[in-house]
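Single-structure report; data block below.
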Amino acid sequence: MSKIGIMGGTFDPIHNGHLRLARQAYYEYRLDLIWFMPTGHPPHKKDHQVTDSAVRCEMVEAAIAGYPYFQCSDFEAKRSGDTYTAQTLRLLRQEYPKEEFYFIIGADSLYEIENWYHPEQVMAQAVLLVAGRNYRKSHRDMSEQIAFLKEKYGAKIYLLHCDVYDVASAQIRTMASEGLSIRPYVPEPVLEYIKKHRLYQYQEVSMNSSFSPDQVTLYRKRLKSKLAPMRYEHSLSVSYTSMCLAMYYGYDISKAEIAGLLHDCGKRFSDDIILKKCLQHKIPLTEEQRLAPAVLHANYGAWLAEHKYEIHDQDILNAILYHTTGRPEMSMLEKIVYIADYIEPRRYKASNLPEMRRLAFCDLDEALYQILKGTLEYLGQKKASADPMTCQAYEYYAALRDTKTPQETIARKDV
């Protein structure tokens, strides 16, 4: 009897997290083979267009070419109609009666599995290998959830002891569509395949500087003459941190440098004076901002950046405008500056800074969600009102977080 591990998912595209999880399962449980099985028509993903199954299979083949113990199976991809795990496992057991199947899942699935199509059949027909030792989604921790499912269904469930890999295929598709480098997240053969076939409209942006060194020096001199010394030092730190995040995520370093440098260029006056400046220059304000002007330096700063520093890049202006409140569907640069403002090295008061600094270089969306959540909790404790845009941003990224599938987000660590 052979021990076959099954890695299911859309693999749109397959990424390094999938390979890491499969390698861990192969070695930890001494499996004979791992079958990567791209889905045909996943019923839970009808809200977006899934890349053709033949293309996804070709990407999987490219990714696993160097692994003799990995195989790509089109068992699900070639089936018509919706494909469900229970059906797949039943058909596999009929076709391969002498094999023992190990179904590899993320921690999310352990809590969601009772909502699957015939979960009792899934747990009866395969051993479950679950990634995510410290994950918790309900009142039960992982060990309690495993015990519950074993008791109710007689399931065989074992943990995979592997590191967290915080990346999702949906994020990679978004980054590719925005022209950002996805090289850190996908195997090189998959990257070359995506570039060759222009999947997700992928075309890496040029990393050539958008601003000359003389321009940057001029911006620094002008800013230093306008801001208080500590505010200027903070601006430099945010600029440097933004550059580091841009380098890591393959974004234009020069644009990140300027956006981080000028993010607080409007914070040179008191709130009352900034409000008067905004009204004087007819800068659009919400009623909430007029009544609670603590965030207005961002609005005024975006105006200054455009009219006094002659910045005409809308993404930079938006990064300055939303660096205090955030907003739904933030661009890569907006996320970078918002997070850099929170984690820059001179910050020290927030208790979760070490974890946020780590998380920023693992998953920007998760870091953004955690910072927004912490901000709203802090304001709630102080009985202070939050800007509606911050609430909308939190709701958006909380919802986005819940849409990530276990195959896309491998054992995400909650903080």
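When the count follows this note's numbering, it moves up by one through the sequence shown with no breaks and lands on 416 for the last residue.
For glycine and all other residues, C-beta sits at the position ideal for the given N, C-alpha and C.
Predicted model, so just to flag it, every value in this text is computed and none were measured.
From Leu292 to Tyr159, what does the alpha carbon distance come to, in whole angstroms? The count along the sequence shown starts at 1 and reaches residue 292 at position 291. The count along the sequence shown starts at 1 and reaches residue 159 at position 158. Here the alpha carbon of Leu292 sits roughly 55 Å from the alpha carbon of Tyr159.
On the criterion of 16 or more Cβ atoms from any shown chain inside 10 Å, does Glu396 qualify as buried, or is it exposed? Here the question's residue 396 lines up with position 395 in the sequence shown. It is exposed - the Cβ of Glu396 has fewer than 16 other Cβ atoms within 10 Å.
One question on the structure: do Met124 and Glu77 come within less than 8 Å of each other, judged by their Cβ atoms? Numbered from its first residue, the sequence shown carries residue 124 at position 123. Numbered from its first residue, the sequence shown carries residue 77 at position 76. Not closer than 8 Å, so no.
With contact counted as at least three CB pairs below 8 Å, one residue from each stretch, are the segment 271 to 284 and the segment 249 to 263 in contact? no
Just list the residues that DSSP pairs Val128 with in beta bridges. Numbered from its first residue, the sequence shown carries residue 128 at position 127. Answer is Tyr103, bridged to Val128.
From Tyr194 to Glu258, what distance separates their C-alpha atoms? Taking the sequence shown and counting its residues from 1, the one referred to as residue 194 is at position 193. Taking the sequence shown and counting its residues from 1, the one referred to as residue 258 is at position 257. The straight-line gap from Cα to Cα measures roughly 32 Å.
Using DSSP with H/G/I as helix, E/B as strand and the rest coil, what is Lys4? Taking the first residue of the sequence shown as position 1, residue 4 is located at position 3. The answer is strand: DSSP assigns Lys4 an E or B state.
Thinking just about the alpha-carbon of each residue, which of Tyr343, Lys151, Pro389 and Ile65 is nearest to the one in Ser1? With the chain covering 2 to 416 only, the question about residue 1 has no answer from this structure.
Between the segment 90 to 102 and the segment 11 to 29, do three or more beta carbon pairs fall short of 8 Å? Verdict: no, contact absent.
In the structure shown, what three-state DSSP assignment does Tyr194 receive? Taking the first residue of the sequence shown as 1, we reach residue 194 at position 193. Helix.
Could you spell out the range, first to last residue, of the beta strand (DSSP E) harbouring Cys73? Locating residue 73 in the sequence shown gives position 72, counting from the first residue. First-last of the beta strand (DSSP E) with Cys73: Phe71 to Cys73.
According to the neighbour-count rule (16 or more other Cβ atoms, all chains shown, within 10 Å of its Cβ), is Gln281 buried or exposed? As a first step, residue 281 must be located in the sequence shown, where it is residue number 280. Classification for Gln281: exposed.
Excluding the 5 residues preceding and the 5 following Met331 in the sequence, name in chain order all residues of the same chain whose CB lies nearer than 8 Å to its CB. The residue given as residue 331 occupies position 330 in the sequence shown. Exclusion of the five residues before and after Met331 leaves Tyr323, Tyr339, Leu369 and Ala394 as the residues of its chain whose Cβ lies within less than 8 Å of its Cβ.
Can you have a look at Gly41 and say buried or exposed, based on whether 16 or more other CB atoms are within 10 angstroms of its CB? Taking the sequence shown and counting its residues from 1, the one referred to as residue 41 is at position 40. By the neighbour-count criterion, in which a residue is buried when 16 or more other Cβ atoms sit within 10 angstroms of its Cβ, Gly41 is buried.
Whole-angstrom Cβ separation of Val128 and Lys157, contact assumed at under 8 Å? Indexing the sequence shown from 1 puts residue 128 at position 127. Indexing the sequence shown from 1 puts residue 157 at position 156. Their Cβ separation, rounded to whole angstroms, is 4 Å, which keeps Val128 and Lys157 in contact under 8 Å.
Leu219 bridges to which residues according to DSSP? For the purposes of this step, residue 219 is taken as residue 218 along the sequence shown, with counting starting at 1. Note: Leu219 sits in no beta bridge, so no partner.
Measuring straight from C-alpha to C-alpha, what distance separates Leu401 and Glu288? The residue labelled residue 401 in the question sits at position 400 within the sequence shown. The residue labelled residue 288 in the question sits at position 287 within the sequence shown. Near 28 Å, if we compare the C-alpha coordinates of Glu288 and Leu401.
Per-residue DSSP class, three states only, for Trp304: In the sequence shown, the residue the question calls residue 304 occupies position 303. The answer is helix: DSSP assigns Trp304 an H, G or I state.
Beta-ladder partner(s) of Leu160, from DSSP: Sequence index remark: in the sequence shown, residue 160 carries index 159 (1-based). Bridge partners of Leu160: Val131.
Buried or exposed, going by whether 16 or more other CB atoms sit within 10 Å of the CB of Lys278? Within the sequence shown, the letter at position 277 stands for residue 278. By the neighbour-count rule (16 or more Cβ atoms within 10 Å), Lys278 is buried.
Are there 16 or more other CB atoms within 10 angstroms of the CB of Ala23, so buried, or fewer, so exposed? Working through the sequence shown from its first residue, we reach residue 23 at position 22. Buried, since its Cβ has 16 or more Cβ neighbours within 10 Å.
Round the Cβ separation of Ile317 and Gly302 to the nearest angstrom and send it over; I've been treating them as touching at under 8 Å. The residue given as residue 317 occupies position 316 in the sequence shown. The residue given as residue 302 occupies position 301 in the sequence shown. With 8 Å as the limit, Ile317 and Gly302 do not qualify as a contact, their Cβ atoms being about 11 Å apart.
Who are Pro39's beta bridge partners in DSSP? The sequence position of residue 39 within the sequence shown is 38, counting from 1. Pro39 pairs with Gly10.
Any idea which residues DSSP pairs Leu34 with across the strands? Taking the sequence shown and counting its residues from 1, one reaches residue 34 at position 33. In the DSSP output, where bridge partners are listed per residue, Leu34 has Ile5.
Exposed or buried, Lys19, counting other C-beta atoms within 10 Å across all chains shown (16 or more means buried)? Stepping through the sequence shown from its first residue, residue 19 is reached at position 18. One point to set straight first is that residue 19 is His, not Lys, in the sequence displayed. Label assigned to His19: buried.
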